[in-house]
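Note that the numbering used here gives residue 154 to position 87 of the sequence shown, counting from 1, and the numbers run on in steps of one. Positions of the beta carbon are idealized from the N, C-alpha and C atoms, including for glycine.
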Amino acid sequence: MKLPGNKKKLDEIFRSAEAPEVSEFNGEYEVDMLTGLPSLKKISHRKKFYERDGKISGYNIVFKNLKWGRFFLEEGACEDMGSPRTINPVRRELSNGVKINYNRGENSFLTKHIRDFVRRVERDKLYLGRFYYKLGKKLLFLGYFSLKKIK
């Protein structure tokens, strides 16, 4: 499935997309900014997810193997979208989705304030995310991005 570059259409897709499990993220995913900030796809922007001590963590990669922006995953509600909750097909209960949180000690002051909210478009293949920057207690929406699983 090819995602549109139109915010209004992406809003609809995000609201209706399923809430993924934190545990389903593993390996590398190609990142493509769909709205807002320019895409770093030309410099091979990817996210790498891995499990350590029972938690899912990760980092961004550009070029061949330049790592930046370490993060961890947690369940989280995307409040400005009305906290859309969907039935999680694995757990058979309502879920808010996944939050990618960059608030880690090894990140710069600027990077620590990034928050992403992710929904599933196609299981183990394609995810749609909303990219935010935290200013005080408020989250500023900066754009949509896609995560496409690299085989």
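Pick helix, strand or coil for Met-100, following the three-state DSSP scheme.
Met-100: strand per DSSP, three-state reduction.
How far does the beta strand (DSSP E) with Glu-118 in it reach, from first residue to last?
Taken as a continuous stretch (DSSP letters only), the beta strand (DSSP E) holding Glu-118 covers 113 to 119.
For Ser-90, which residues does DSSP report across the bridge?
Paired residues: none, contrary to the question.
Apply the 10 Å Cβ neighbour rule to Glu-88 and answer buried if 16 or more other Cβ atoms are within range, or exposed otherwise.
Buried, since its Cβ has 16 or more Cβ neighbours within 10 Å.
Please identify the residue among Lys-201, Tyr-211 and Asn-127 whose C-alpha is closest to the C-alpha of Phe-176.
The candidate whose alpha carbon is nearest that of Phe-176 is Lys-201.
Output the distance between the C-alpha atoms of Lys-54 and Phe-184, rounded to the nearest integer angstrom.
Residue 54 cannot be examined here, being either before or after the span of the chain that is shown, 68 to 218.
Leu-177 by DSSP, collapsed to three states: which one?
Reduced to three states, the DSSP call for Leu-177 is coil.
On the DSSP letters alone, give me the boundaries of the alpha helix (DSSP H) that Leu-70 sits inside.
No alpha helix (DSSP H) holds Leu-70; DSSP gives it neither H nor E.
How should Arg-186 be labelled, buried or exposed, when 16 other C-beta atoms within 10 angstroms of its C-beta is the threshold for buried?
By the 10 Å Cβ count, Arg-186 comes out buried.
Is DSSP giving Ile-110 helix, strand or coil here?
Three-state DSSP puts Ile-110 in a helix.
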